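**Student:**
Residue numbers (our numbering): 14 to 148.
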């Protein structure tokens with residue numbers, strides 16, 4: 014899948030009006046995810062993605078491996094995307110489903126293992142609701 018196909022798939026699934034909004038949502042989600050996970054894991058996850066998409070995970074990220082929870086993830090994504098937090102959370106879930114369809118299962122499993130589940134109703138498992146819903 015190339016950049017146009019990837020963004021087209023996300024745009025279609027999110028019913029976004031334009032490519033600009035779609036790219037902003039993808040960038041917000043993957044840049045924030047790149048901040049959360051270790052650099053090597055970000056590179057592994059990005060390896061199967063289009064070059065332009067890889068960059069969001071592995072490019073000039075402020076710092077890889079930061080420790081923040083699901084709520085902080087949503088807040089950061091919403092801020093970068095310029096969206097309501099509920100919309101940003103949904104966008105992130107759909108984007109992760111498209112990412113999951115492009116990367117090896119082992120890399121996606123590693124990602125899931127890095128993002129801890131908790132007893133809270135709002136935890137990292139929320140990021141994978143769309144992925145899990147299709148299984």
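In this text, a Cβ means the ideal position worked out from N, Cα and C, and glycines have one as well. This one's a predicted model, so the numbers in the text were calculated from it and none came from an experiment.
#1: Whose C-beta lies closer than 7 Å to the C-beta of residue 127 among residues of the same chain, with five residues either side of it excluded?
#2: Indicate whether residue 39 and residue 108 have their beta-carbon atoms separated by less than 8 Å.
#3: If you reduce the DSSP assignment to three classes, tell me which class residue 80 lands in.
#4: Identify whether residue 50 lies in helix, strand or coil by the three-state DSSP scheme.
#5: Just curious, the alpha helix (DSSP H) that residue 109 is in, first and last residue?
#6: Please state if the CB of residue 45 and the CB of residue 89 are separated by a distance shorter than 8 Å.
#7: Thinking C-beta only, is residue 83 closer than 8 Å to residue 136?
#8: Could you tell me whether the Cβ atoms of residue 62 and residue 112 are closer together than 8 Å?
#9: Alpha carbons only, please: which of 146, 114, 145, 129 is nearest the one belonging to residue 58?
#10: DSSP state of residue 60, grouped into three classes?
#11: Using C-beta distances below 7 Å, list every residue in its chain close to residue 20, excluding the 5 sequence neighbours before and after it, in chain order.
#12: Considering only residues of the same chain and omitting the five flanking positions on each side of residue 148, which have a CB-CB separation below 6 Å?
#13: Note down, in chain order, each residue of its chain lying with its Cβ closer than 7 Å to the Cβ of residue 141, except the 5 sequence neighbours on either side.
#14: Give the secondary structure of residue 146 by DSSP, where H, G and I count as helix, E and B as strand, and everything else as coil.
**Tutor:** With the given structure in hand:
#1: 50, 54
#2: yes
#3: coil
#4: coil
#5: 98-113
#6: yes
#7: yes
#8: yes
#9: 114
#10: coil
#11: 32, 35, 36, 39
#12: For residue 148, the predicted model reports a pLDDT of 48, less than 50, meaning its position is unreliable; a value from the coordinates is still stated below. The answer is none, since no qualifying residue turns up.
#13: 109, 125
#14: helix
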